[in-house]
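Student: The sequence shown lines up with residues 8 to 298 when you count with our numbering.
We put the beta carbon where it would ideally sit given N, CA and C, even for glycine.
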Amino acid sequence: MTGKVIPEDEVEIKPQLNGIIDRIFVEEGDTVQNGQLIALIKVVPDERSVYAAQAQVIAAELNVENAERQIKRAEELFAKDIISTQDYEDAKLSFDTAKENLTASKNDLEILRKGSVSGSSTANTNIRATVSGTILEIPVKLGDQVIAANNFNEGTSVAIIADLTKMIFEGQVDEAEVGNLENGMSIIVNMAAIPGEDFEATLKFVAPKGTEEGGAVQFKIEADITLNEDTFVRAGYSANGSLVINQRNDIMVIPESVLQFDRRTQQPYVEIEISDQKFERKDITIGLSDG
């Protein structure tokens, strides 16, 4: 069966904010660690969002002023035993909550304008690897506009990362053979880019639905490949897979090209050379075929 070798998982790295690619710190083929800085974006503030955030700050400031008047009044009344301890605590809680809301509103506005909060150890403008692996692709370049993922947009992929030590063989099997397949079967994978080397693989997936290709129905399969530590396999290598569906030991094997059938009885036979240019028919019983 023909197919290709691909990573088990590919992870797309996307920004947390809308903006423009300002710097890229890695190249395709680089090995990165989880959390490593991939790129930096420059925030382009959305005017309507900024105006809305400014309005939230103004409203929060008014709430703080009102809560401050309330707590001062409560302190005076509490000192004169006019209000209960609970009423005083409620006023104090309202004042503290109003101050926290004001701080949060100011932070939201600053993030919209600059992409981060002053004094923070992290910045939303920093795009970092979320997994360790190899950079397969960087589909953006400096100056490109990027969009954060949300409910209405998948977002812009800044980099695609995969662990190239965990590869699978993805191939197609004809409908005539798919009924013989079971998860856990062994497959031998050969890659055109690495001639002469066999890689063991274990079947883990057979598609429940086939697709028609060239008049024949094909079923997708996947198998986990066992890689040698000293062999580097690139994503996308073309490959062939050989699957042992049936097996016989200690039997005679002949090329199918020498097999003949009696025209009248359909008895299979071969012709054996008994002397120079003299052949003798030998009836045989046929079993398994590899093709």
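(1) How many angstroms separate the CA atom of Q43 from the CA atom of P202?
(2) Hey, out of P262, D103, Q63 and Y58, whose CA is closest to R76's CA?
(3) Can you name, in chain order, every residue of its own chain whose Cβ lies under 8 Å from the Cβ of G26, other than the five neighbours on each side?
(4) What are the residues that DSSP puts in a beta bridge with P14?
(5) Using DSSP with H/G/I as helix, E/B as strand and the rest coil, what is L44?
(6) What does the alpha-carbon distance come out to for the pair V224 and G178?
(7) Runs of 4 residues minimum, wholly inside the stretch 83-149: which ones carry the alpha helix (DSSP H) assignment?
(8) Output the distance between the C-alpha atoms of K99 and V71, rounded to the nearest integer angstrom.
(9) With a threshold of 6 Å on Cβ separation, who are the neighbours of G191 within its own chain once the five nearest residues in sequence on each side are excluded?
(10) I'd like the span of the beta strand (DSSP E) that includes E287, first residue to last.
(11) Please classify K49: does DSSP put it in a helix, a strand, or coil?
(12) On a Cα-Cα basis, can you pick out the residue from I194, T292, T233 and E117 that is closest to N247?
(13) Less than 6 Å between C-beta atoms, sequence neighbours within five positions excluded: which residues of the same chain meet that for Q267?
(14) I258: which of R270, L295, A81 and D205 sits nearest, CA to CA?
(15) Provide the residue span of the beta strand (DSSP E) that contains V185, from first to last.
(16) From the DSSP output, in three-state form, read off V64 for me.
(17) If you draw a straight line from the alpha carbon of V213 to that of Q23, how long is it in whole angstroms?
(18) With DSSP collapsed to three states, give me the class of Q267.
(19) Any idea which residues DSSP pairs T38 with across the strands?
(20) Suppose you measure from the CA of R120 to the CA of I65; what does that come to, to the nearest Å?
(21) Short of 7 Å in beta carbon distance, which residues of its chain neighbour K11, apart from the five on each side in sequence? Order them along the chain.
Tutor: On the basis of the data shown:
(1) 35 Å
(2) D103
(3) I48, K49, V50, V51, G122, T132, Q152 and V153
(4) M174
(5) strand
(6) 13 Å
(7) 92-121
(8) 11 Å
(9) none
(10) K285 to D290
(11) strand
(12) I194
(13) Y276
(14) L295
(15) Note, V185: premise wrong, no beta strand (DSSP E); alpha helix (DSSP H) at E182 to V185.
(16) helix
(17) 37 Å
(18) strand
(19) T141
(20) 16 Å
(21) E177, G243, Y244, S245 and A246
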